[in-house]
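*Asks:* Before I ask anything, here is the structure I am working with.
Now the structure itself:
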């Protein structure tokens with residue numbers, strides 16, 4: 001699936017799960033916009049002081065950037081990114097806007 005890296009279509013919702021394109025000093029990648037722990041807005045997370053994990057704004061659980069970068073295969077081309085969502089070939093897909101924290105907006 002292809003979607004915008006920024007702007008009003010910067011979030012792909014696949015089978016009800018939102019994904020965004022994030023940019024950090026560690027690199028750029030497609031990630032789930034929800035925290036895997038309690039579904040908090042991970043797209044609004046800040047980097048932990050050590051710089052290798054995101055901190056959920058709801059409950060401060062830390063999520064590894066390494067794990068997030070490896071989860072969804074993706075390639076950026078210009079202002080779009082194409083991501084592969086394994087196991088969801090027939091899934092319902094839509095695009096929407098999700099704001100990103102300054103730490104994820106590169």
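In UniProt numbering, the protein residues as written are 1 to 106.
C-beta atoms are modelled at their ideal positions from N, C-alpha and C, and glycine is treated no differently.
None of these values were measured; they are calculated from a predicted model.
1) Are there 16 or more other CB atoms within 10 angstroms of the CB of residue 30, so buried, or fewer, so exposed?
2) Give me the Cα-Cα distance between residue 33 and residue 54, rounded to the nearest whole angstrom.
3) For residue 38, which residues from the same chain have a beta carbon less than 7 Å from its beta carbon, with the 5 sequence-adjacent residues on both sides left out?
4) With a 10 Å radius around its C-beta and 16 neighbouring C-beta atoms as the bar for buried, classify residue 43 as buried or exposed.
5) Mind pulling the beta strand (DSSP E) runs of 3 or more residues that sit fully within the UniProt domain "Rieske" (1–59)?
6) Could you give the first and the last residue of the continuous alpha helix (DSSP H) run that contains residue 67?
7) With DSSP collapsed to three states, give me the class of residue 102.
8) Which residues in the same chain have their Cβ closer than 7 Å to the Cβ of residue 4, if we skip the five residues on either side of it in sequence?
9) Give the C-beta separation of residue 26 and residue 52 to the nearest angstrom, bearing in mind that I take them to be a contact with Cβ-Cβ under 8 Å.
10) Are the CB atoms of residue 20 and residue 85 within a distance shorter than 8 Å?
*Replies:* On the basis of the supplied data:
1) buried
2) 12 Å
3) 58 and 59
4) buried
5) 2–4, 11–14, 17–24, 27–32 and 53–55
6) 65–71
7) coil
8) 10, 79 and 80
9) 7 Å
10) no
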